[in-house]
Amino acid sequence: MAHQAQLPVEEADCVLFVVNAQEGWTHADEEIYRKLVEAAKPLFVVVNKADNQSLENETLEFYKFGLEQIFPVSSEHNRGIEGLLQEVNQKVPLQQKNLYPEKQRDNPETPVAVAVVGKPNAGKSSIVNALLRKGTNDC
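Taking this note's numbering, the leading residue of the sequence shown gets 2, the next gets one more, and so forth.
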């Protein structure tokens, strides 16, 4: 894992590891994944760009690499985003820690720090945007 990604992971409450469904699981993905497991944070493997049923079915290959759970999503088509959000919320409660005690009186819900990690062009920004859109629509 690149040095610049280590600090955000260390400070995060959980990690979204974004991989590209169209590329499959690569050696670089494996290296990043091993480093993320060592960080001992709640880890969600997000298989982005599963834009159709065929690609979503191909994401099953990721299980052969020892992954316990994957989240096939298509940020472009807003598929799988809600399930990912539900799982993150279930495993990393919104009020896990109070990052901003001075704002606690105004808003009892404190933010969760999420690190989004992955190779270039895996769709990290697209995932963040899709999650933000979904979160805004639920407000």
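Quick reminder that beta carbons are idealized off the backbone N, C-alpha and C, glycines included. Remember, predicted model here, so these are calculated numbers, not experimental data.
Here the region 112-123 makes no contact with the region 70-78; the two share fewer than three CB pairs at distances below 8 Å.
Between the C-alpha atoms of residue 16 and residue 115 there is a straight-line separation of about 6 Å.
Here residue 65 is exposed. Its C-beta has fewer than 16 other C-beta atoms within 10 Å.
By the Cβ rule, the region 84-92 counts as touching the region 45-59, because three or more pairs are nearer than 8 Å.
Rounded to the nearest angstrom, the Cβ distance from residue 37 to residue 63 is 14 Å, too far for a contact under 8 Å. The region 16-97 is shown to contain whole beta strand (DSSP E) runs of 3 or more residues at 44-49, 71-73, in chain order. Comparing alpha carbon positions, the residue from 32, 92, 135 closest to residue 81 is 135. Going by DSSP, residue 116 is part of the beta strand (DSSP E) stretching over 115-118.
DSSP, read as helix, strand or coil, puts residue 122 in coil. In chain order, 42, 43, 93, 97, 98, 113, 114, 115 place their CB closer than 8 Å to the CB of residue 14, counting only its own chain and leaving out the 5 sequence neighbours on each side. Put simply, of 89, 129, 90, 74 the residue whose alpha carbon is nearest the alpha carbon of residue 23 is 74.
Across the set 35, 76, 31, the C-alpha of 76 shows the shortest separation from the C-alpha of residue 126.
For residue 26, same chain residues with a beta-carbon under 6 Å away, outside a window of 5 residues either side, are 63, 66 in chain order.
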